[in-house]
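Notes follow the structure.
Here it is, written out as structure tokens:
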């Protein structure tokens, strides 16, 4: 039954909204959170990156199933940007997941049957007042405030990036997600396929995440924030290999 967790079939969904905040962290502080078969995806050989993705999915279902069989979920993922050298010799760029949350028990149940992402259910509150959108959770103790107006959005003041073009390289989701089993030295590779992927910068008025605070990272800074809307997306069936 363990093989069921290896993403045994393709899954598709429609992303109504995908908000991604990327935090730059001195690379030495993130190395301990990834398995030895992965390496950090860095910028200027100094910064590594931890991202928070908040995705409002619609009609999530096994690929090829009719849309009425799908379900709508809010998904949250905390991921580290990494690289992996596959057995083919190809170097893959992707994400290593630290924590996954959802707003519905159904997603937690089936997500934990068919993936290794270890979903937990939490409360999600989304409110909009004038130009301010707030995403909040009491149980997970986080709050995100996004400010919308007609003014151009500037790169966060402490970001290591000089422009949005460079920042988009770390906007996610990247092509691959990796799950590592240290005991049997296997890597599960899941490839995502997307369409119409056009990240737009957003202005963050406030962000606070208890999960990130508990990592006790020093000198972590907000590097970028993007939102992508109305994107068809699917994940291919997982591919398992033994790492060299």
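Residue numbers (the working numbering): -19 to 224.
For each residue, glycine too, the CB sits at the ideal point set by N, CA and C.
Within 9 Å, strictly: CB atoms of residue i and residue j
i           : j           : result
residue 181 : residue 203 : no
residue 4   : residue 42  : no
residue 100 : residue 112 : no
residue 32  : residue 158 : no
residue 165 : residue 222 : yes
residue 37  : residue -4  : yes
residue 82  : residue 54  : yes
residue 154 : residue 218 : no
residue 61  : residue 102 : no
residue 266 : residue 224 : Since the first residue of the chain shown is -19 and the last is 224, residue 266 is not available in this structure.
residue -2  : residue 208 : yes
residue 21  : residue 141 : no
residue 108 : residue 116 : no
residue 125 : residue 184 : yes
residue 156 : residue 75  : yes
residue 30  : residue 200 : yes
residue 72  : residue 63  : yes
Residue range of the unbroken beta strand (DSSP E) whose run includes residue i
i           : result
residue 75  : 71 to 82
residue 183 : 183 to 189
residue 65  : 51 to 65
residue 138 : Per DSSP, residue 138 belongs to no beta strand (DSSP E) and is neither H nor E.
residue 39  : 27 to 42
residue 225 : No answer is possible for residue 225: the residues shown for the chain start at -19 and end at 224.
residue 105 : 105 to 109
For residue i, the three-state DSSP class (helix, strand or coil)
i           : result
residue -19 : Residue confidence for residue -19 is low, a pLDDT of 49 falling below 50, so the modelled location carries little weight; the figure read from the coordinates is stated next. Three-state result, residue -19: coil.
residue 221 : strand
residue 162 : coil
residue 177 : coil
residue 146 : helix
residue 121 : coil
residue 216 : coil
residue 210 : strand
residue 14  : coil
residue 68  : coil
Proximity test, Cβ basis, 9 Å: residue i and chain B
i           : result
residue 125 : Here there is only one protein chain, and chain B is not present.
Delimiting residues of the alpha helix (DSSP H) encompassing residue i
i          : result
residue 90 : 85 to 94
Residues bridged to residue i [DSSP beta-bridge criterion]
i           : result
residue 6   : 27
residue 131 : According to DSSP, residue 131 bridges with nothing at all.
residue -7  : 213
residue 151 : Answer by DSSP bridge pairing: none, since residue 151 is not bridged.
residue 157 : 75, 170
Query raised in the report: How do the stretch 43 to 53 and the stretch -14 to 0 stand: do at least 3 beta-carbon pairs fall below 8 Å, yes or no?
Result: Three or more beta-carbon pairs drawn from the stretch 43 to 53 and the stretch -14 to 0 are found closer than 8 Å, and the two stretches are therefore classed as touching.
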